[in-house]
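The sequence shown stops at residue 343 when you use my numbering, and every number in between is there.
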Amino acid sequence: MEIGSIVWFRTTLASVVLDDRQPQSRFSRPSLARRRSSLAGGAPVLSFEELWQPWSRGKILSRDEDENENSVTYVVRELDEDGEEMDREVTMAGDLTTGVVPDMELANVEGQASVETNAGIVDLTLLTHLHEPEILHALTLRYEEGSIYTSTGPILLAVNPFKSLPIYGPKHMQTYSDWGERVRQGLVAGGGDGPPPHAYAIADSAFRAMTTLQQGPGKKKGALVNQTILVSGESGAGKTETTKIIMAYLAQLATPPSSPEREAAGGLRPQERVLRSNPVLEAFGNARTIRNDNSSRFGKFIELQFDTTELVKNKFANKASQVPLVGASVRTYLLEKVRVVH
């Protein structure tokens, strides 16, 4: 890191002292200071965890090397949102040999692969420097622009907007379905030229992969392979809602079964019955917490079952219209007892 470089940096409000020992890792999560009891000597010991301040942007003003101590010290001037210098200066020390400075990272600037002030970045892998502060900064910019979805390679990051957005429904489903079919047929290459990142895009990609022959080691002919979508996140992140959005899209892609099957099910298609089961499951398996009014008490493994008989018979032509959703199963696991109300 040279003088004049734009960086991200963070500092702490307090040092960690746990039973008179320094922390083993600098990656301690932010938390409030707390009092712990020490069995050694029978006396309580007051301990503190590191209280991280938010990441800030800054410019390196000076660089001082100490070969005897094998260290390098930087003086950094904080910058505001417009890139103007502020009064605050901090000193950051690092290892001279490796060049590693804990809690200081290079920032993306104009002229690099992507400009960090551009909220139009849809894939974080395009950033020249990909690390925690740049990820948070990019997600914040997109969130402020009303874009809650951002890709990082094949992974989709979603920020809960805590409000309804006009980016769902049959019209939007059709957009992603049409694009997915064009990619499958080789009419377009896919990637950044398509619709913006969305849960629909993840669901469509899984569906197309499920209905495409996959070549594997030792297999002369391709085979259909089951697909899995993992939805994870902290409490209140929107996992349950995202799962319902994905299920609705997959159900929309599937065609209704024959009339006799519909009549036997009381006129409801399997996909309609699957989607209508969600409120029932939530009634038995959700609870209110301080972070989420509709918090799931346990994890759920949902298996959607598609019939590919007609797809194979017709040699994989017109895929979506020949892969009906015929059923589903739900298994629960990892019960959080702290959320169970007796």
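Just so you know, even glycine gets a beta-carbon here, dropped at the ideal spot from N, CA and C.
Predicted model, so just to flag it, every value in this text is computed and none were measured.
Query: Cutoff 7 Å; reference histidine 173; Cβ partners in own chain excluding five residues on either side; Result: Tyr201
Query: As assigned by DSSP and simplified to three states, the class of tyrosine 150; Result: strand
Query: Start and end residues, alpha helix (DSSP H) containing glycine 181; Result: 171-185
Query: Cβ-Cβ distance between glutamate 79 and glycine 95 below 8 Å; Result: no
Query: Three or more C-beta pairs below 8 Å linking the region 159-171 and the region 230-239; Result: yes
Query: Segment contact flag, the region 128-139 with the region 104-111, C-beta cutoff 8 Å, min 3 pairs; Result: yes
Query: Cβ separation of serine 148 and proline 197, assumed to be a contact under 8 Å, to the nearest whole Å; Result: 7 Å
Query: Beta-carbon separation (whole angstroms), threonine 151 vs valine 123, contact threshold 8 Å; Result: 7 Å
Query: Spatial distance of glycine 181 from glutamine 215 (CA atoms); Result: 17 Å
Query: For lysine 164, the three-state DSSP class (helix, strand or coil); Result: coil
Query: Proximity winner among Val232, Leu251 and Glu111, relative to threonine 243 (alpha-carbon distances); Result: Val232
Query: Residue from Asn69, Asn71 and Leu62 with nearest C-alpha to methionine 87; Result: Leu62
Query: Tyrosine 177 classed as buried or exposed, judged by whether at least 16 other C-beta atoms fall within 10 angstroms; Result: buried
Query: Alpha-carbon to alpha-carbon, glutamine 323 and serine 296; Result: 36 Å
Query: Under the three-state DSSP convention, the category methionine 345 falls into; Result: Since the first residue shown for the chain is 2 and the last is 343, residue 345 is missing from the structure and cannot be characterised.
Query: Contacting residues, own chain, Cβ-Cβ under 7 Å from arginine 30 (five flanking each side not counted); Result: With a pLDDT of 41 at arginine 30, under the threshold of 50, the predicted position of this residue should be treated as unreliable, and no value is reported.
Query: Other residues of its chain near glycine 195: CB distance less than 6 Å, five sequence neighbours each side excluded; Result: Trp180
Query: Per-residue burial, tyrosine 334 [other beta carbons within 10 Å of its own, 16 or more giving buried]; Result: exposed
Query: Option in Gly112, Thr213 and Pro55 with minimal Cα separation from valine 313; Result: Thr213
Query: Three-state secondary structure assigned by DSSP to threonine 229; Result: coil
Query: Element boundaries [beta strand (DSSP E), containing isoleucine 61]; Result: 57-67
Query: Cutoff 8 Å: tyrosine 177 Cβ touching any chain C Cβ; Result: The chain labelled as chain C is not found in the depicted structure, where only one protein chain is given.
Query: Burial state of leucine 188 (16 or more Cβ within 10 Å); Result: exposed
Query: Neighbourhood of glutamate 311 by C-beta, 7 Å cutoff - its chain only, sequence neighbours within 5 removed; Result: Gln323
Query: Arginine 209: first and last residue of the uninterrupted alpha helix (DSSP H) it sits in; Result: 200-211
Query: Straight-line Cα distance separating serine 57 from threonine 126; Result: 22 Å
Query: Cβ-based neighbour list, alanine 255, same chain, cut-off 7 Å, excluding 5 preceding and 5 following; Result: Gln272, Phe307, Val324, Pro325 and Leu326
Query: Residues near glutamate 66 by beta carbon distance below 7 Å, same chain, minus five either side; Result: Val73 and Leu97
Query: Chain-order list of residues whose beta-carbon lies under 6 Å from that of methionine 211 (same chain, five-residue window excluded); Result: Gln228
Query: Under the three-state DSSP convention, the category aspartate 89 falls into; Result: Going by the sequence as given, residue 89 is arginine instead of aspartate. Of the three classes helix, strand and coil, the one that applies to arginine 89 here is strand, per DSSP.
Query: Closest by C-alpha distance to glycine 112, when choosing among Val101, His130 and Val102; Result: His130
Query: Distance, methionine 93 Cα to arginine 183 Cα; Result: 51 Å
Query: Best match in Ile246, Glu85, Arg292 and Gln186 for proximity to alanine 204 [C-alpha to C-alpha]; Result: Ile246
Query: Nearest neighbour of glycine 1, chosen from His199, Val281 and Thr290 [CA to CA]; Result: Any property of residue 1 remains undetermined from this structure, which presents the chain solely from 2 to 343.
Query: Minimum C-alpha distance to valine 275 - residue among Pro55, Ser6, Ser206 and Ala252; Result: Ala252
Query: Closer than 7 Å: isoleucine 230 CB and nearest the ligand SAM heavy atom; Result: Looking at this structure, you won't find the ligand SAM or any other ligand, since it has none at all.
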